[in-house]
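Adding 2 to a residue's 1-based position in the sequence shown gives its number in our numbering.
For every residue, glycine included, the Cβ atom is placed at its ideal position computed from N, Cα and C.
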Amino acid sequence: MRYIKMSIALGVLTFFLISLLMPLPLNAEVRSLSLEEAIELSLKNNPELTKGNLELEKAEIMRDEAAQGIHYTPVEGVFSPEYQALYSGYQQAQLTVRTKKRALQVEEDKIANEVISAYASAIRNYNVLQKANLQYNLVDKQNTIASLSRKIGIISDHSYEGSKLGKKQLQETVRLAESNYEGSIAELRRLLGQNPNWEVKLISRPIINNYPRHELSTEINRGTSESMLVWTKEFLVGLEEIKQKWVMPYTDRQIQDIDLSVAEIDYEDAKRTVRTTIEQLYYTIDTIEGQIQVAELNCEKTMRDLEIAELKYELGLITLYSQVPGSESLSNAKLEAQKAKLELEDLQATLVELKANYAFLTGQGVYSADDWSDATPVDTANVK
3 MRYIKMSIAL GVLTFFLISL LMPLPLNAEV RSLSLEEAIE LSLKNNPELT KGNLELEKAE
63 IMRDEAAQGI HYTPVEGVFS PEYQALYSGY QQAQLTVRTK KRALQVEEDK IANEVISAYA
123 SAIRNYNVLQ KANLQYNLVD KQNTIASLSR KIGIISDHSY EGSKLGKKQL QETVRLAESN
183 YEGSIAELRR LLGQNPNWEV KLISRPIINN YPRHELSTEI NRGTSESMLV WTKEFLVGLE
243 EIKQKWVMPY TDRQIQDIDL SVAEIDYEDA KRTVRTTIEQ LYYTIDTIEG QIQVAELNCE
303 KTMRDLEIAE LKYELGLITL YSQVPGSESL SNAKLEAQKA KLELEDLQAT LVELKANYAF
363 LTGQGVYSAD DWSDATPVDT ANVK
């Protein structure tokens with residue numbers, strides 16, 4: 003029995019020593035990620051692009067096989083239904099290859115557009131978290147002052163309990179903001195083909211303040227000719243028109259006419275949809291540009307207010323913190339200046355997202371490096 007106890011003790015000791023020698027698990031490395039890097043990663047890892055390349059390869063093989071078929075002239079001649087069916091199939095295969103190539107290019111723009119949208123959304127959620135943390139840090143300091151004030155009888159227990167409740171409510175606001183931000187990062191991971199442990203710090207920040215465009219009528223004309231929704235429907239019309247040119251065996255002409263009419267109706271409906279969407283985006287962009295102008299003025303105002311507050315604080319005219327909501331203090335002035343900067347950045351992120359959507363819809367490049375700056379984001383430092 004004694005031998006067994008000693009064996010167990012030695013085993014436990016050995017396990018303990020081994021555990022000390024084993025390396026501790028490391029936290030996942032947080033890498034910096036610019037928007038341009040995010041787009042490159044997404045294009046590299048996106049399965050739709052891989053599938054699109056395979057579909058293009060398949061279409062090219064089918065076109066080449068169809069081309070082989072039309073080199074053989076049947077005994078009945080080139081006007082026979084069989085030959086006309088072969089030639090029609092070859093023309094359809096050619097059109098399919100051209101469309102697949104264009105679709106592949108559009109898919110790249112679509113992926114970039116989705117990444118820009120997700121990146122911009124993550125920036126906005128990050129800024130919401132920053133504002134919540136800034137507010138919490140200030141209330142936490144005020145709560146400490148309130149606790150001391152209660153002890154020496156300056157404020158009542160009721161006022162102190164109200165201060166504690168405000169702090170608790172802000173804690174919940176911070177938790178919700180953290181959850182929303184993590185959700186937006188999870189969406190970026192999905193688009194970029196990364197695993198759940200992949201952690202990033204977004205370093206690109208929008209600097210766009212306006213988006214120059216042509217007159218609305220010009221934009222609509224370009225959009226209805228370049229939009230993916232429109233030209234995919236136009237492709238189907240083209241297929242039906244090819245069928246109309248040839249006498250197809252075992253095919254009812256009336257059914258062909260109906261198929262063409264349906265394709266043309268879908269084509270016109272797609273153009274109407276695109277026109278409406280372009281018009282809505284056009285005016286929404288105008289609205290955001292106006293809001294950015296107001297936000298810039300507010301940033302300038304809050305910075306001037308902060309400079310005045312710093313001077314007043316140095317002269318002893320105001321305190322660092324204040325227990326009276328909305329009253330003047332240096333910490334409140336700092337908070338307002340930081341919030342104004344974040345709110346401006348939120349609007350810029352919205353504008354750059356709308357611009358990408360608009361550019362994709364109208365057949366333009368969705369990403370422009372001039373709209374972004376790789377810089378350290380606004381940190382949530384304790385308010386001093």
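Below 8 angstroms on the Cβ atoms is my guess for residue i versus residue j; work out the distance and round it to an integer in Å.
{"i": "residue 167", "j": "residue 138", "result": "Contact flag wrong, Cβ pair sits at about 13 angstroms."}
{"i": "residue 186", "j": "residue 123", "result": "5 angstroms"}
{"i": "residue 307", "j": "residue 335", "result": "5 angstroms"}
{"i": "residue 323", "j": "residue 143", "result": "6 angstroms"}
{"i": "residue 2", "j": "residue 58", "result": "Because the chain is modelled from 3 through 386, residue 2 falls outside the range shown and cannot be assessed."}
How about residue i and residue j: are their beta carbons less than 8 angstroms apart?
{"i": "residue 358", "j": "residue 119", "result": "yes"}
{"i": "residue 332", "j": "residue 315", "result": "yes"}
{"i": "residue 237", "j": "residue 97", "result": "yes"}
{"i": "residue 293", "j": "residue 349", "result": "yes"}
{"i": "residue 54", "j": "residue 136", "result": "no"}
{"i": "residue 65", "j": "residue 40", "result": "no"}
{"i": "residue 367", "j": "residue 229", "result": "no"}
{"i": "residue 376", "j": "residue 206", "result": "yes"}
{"i": "residue 296", "j": "residue 232", "result": "no"}
Give the range of the alpha helix (DSSP H) segment to which residue i is assigned.
{"i": "residue 261", "result": "255 to 316"}
{"i": "residue 162", "result": "159 to 194"}
Indicate the three-state DSSP secondary structure (helix, strand or coil) for residue i in the structure shown.
{"i": "residue 201", "result": "strand"}
{"i": "residue 370", "result": "coil"}
{"i": "residue 319", "result": "coil"}
{"i": "residue 208", "result": "strand"}
{"i": "residue 4", "result": "Only weak support exists for where residue 4 lies, its pLDDT of 44 falling under 50; the value from the coordinates is given anyway. Residue 4: helix per DSSP, three-state reduction."}
{"i": "residue 331", "result": "coil"}
{"i": "residue 324", "result": "coil"}
{"i": "residue 149", "result": "helix"}
{"i": "residue 229", "result": "coil"}
{"i": "residue 376", "result": "strand"}
{"i": "residue 118", "result": "helix"}
{"i": "residue 22", "result": "The pLDDT assigned to residue 22 is 37, lower than 50, so where the model puts this residue is not dependable; a value taken from the coordinates is nonetheless given after this. Here residue 22 sits in helix by DSSP."}
{"i": "residue 240", "result": "helix"}
{"i": "residue 360", "result": "helix"}
{"i": "residue 223", "result": "helix"}
{"i": "residue 213", "result": "coil"}
Could you check whether the Cβ of residue i sits closer than 8 angstroms to any Cβ belonging to chain D?
{"i": "residue 315", "result": "Within the model displayed, chain D is absent; a lone protein chain is all it includes."}
Between which two residues does the beta strand (DSSP E) containing residue i stretch?
{"i": "residue 34", "result": "32 to 35"}
Can we count residue i as close to the ligand GDP, meaning its CB is less than 7 angstroms from some heavy atom?
{"i": "residue 291", "result": "The ligand GDP is absent from the structure shown, which contains no ligands of any kind."}
Report task. Kindly confirm or deny that the region 173 to 190 and the region 344 to 356 touch, where touching means at least three C-beta pairs closer than 8 angstroms. Result -> no
Query - At least 3 beta-carbon pairs within less than 8 angstroms: the region 189 to 197 vs the region 107 to 124 - result: yes
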